[in-house]
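Just so we're aligned, residue 299 is where the sequence shown starts under the numbering used here, counting upward by one. Ideal placement from N, C-alpha and C gives every residue a C-beta, glycine not left out.
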Amino acid sequence: MKKANIFFSFCLIFFALSCSQEVEGDIKVVSIEEMQALIESDNVQFIDVRTPSEYNNGHIASAQNIDFMSPTFEEDIKVLDKEKPVVLYCEKGGRSAKCAEKMKDLGFKKIYDMQGGFSKWKHGGLPYTKNL
């Protein structure tokens, strides 16, 4: 019984310590509601990783377009501040997840990826703009 209590205590301490430490280069998938709060912050870099055509047909107003499929993608994201949080989205979540991994490998510290992408944002009735 005493060994079980010691093991349980060790597990509890390990869990508490692991939760209290923030991992550098961490990728957090966020809901559209969490995304709304993040983009209202002045301290984030907000990136739409879809093609320019997709972006022009509808995007979240404050997003900067950096095309994940572009041959210059890696050069384009290197101009971003690695210390400042990055918020990403694509159409459904696939490209932004790959982009997040790439950014993590390049040393970006805080990366947020919107679950469900622009499609979920739009179908949720949230505001967006078009470039005509």
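Between Asp379 and Ile364, the CB-CB gap reaches or exceeds 8 Å. When the alpha-carbon of Phe366 is set against those of Ser394, Leu404, Ile409, Val328, the nearest one is in Ser394. At a Cβ-Cβ threshold of 8 Å, Gly422 and Ile330 count as neighbours. Between the alpha carbons of Gly392 and Gln413 lies a distance of about 9 Å. Here Asp340 is exposed, its C-beta having fewer than 16 other C-beta atoms within 10 Å.
Residue range 343 to 346 is occupied by the beta strand (DSSP E) that includes Gln343. Gly405 counts as exposed, since fewer than 16 other C-beta atoms from the protein chains shown sit within 10 angstroms of its C-beta.
Ser351 and Lys428 have their C-alpha atoms spaced approximately 10 Å apart. Out of Glu381, His357, Phe344, the CA that lies nearest to the CA of Lys407 is found in Glu381. The C-alpha of Asp403 is placed about 25 Å away from the C-alpha of Ser360.
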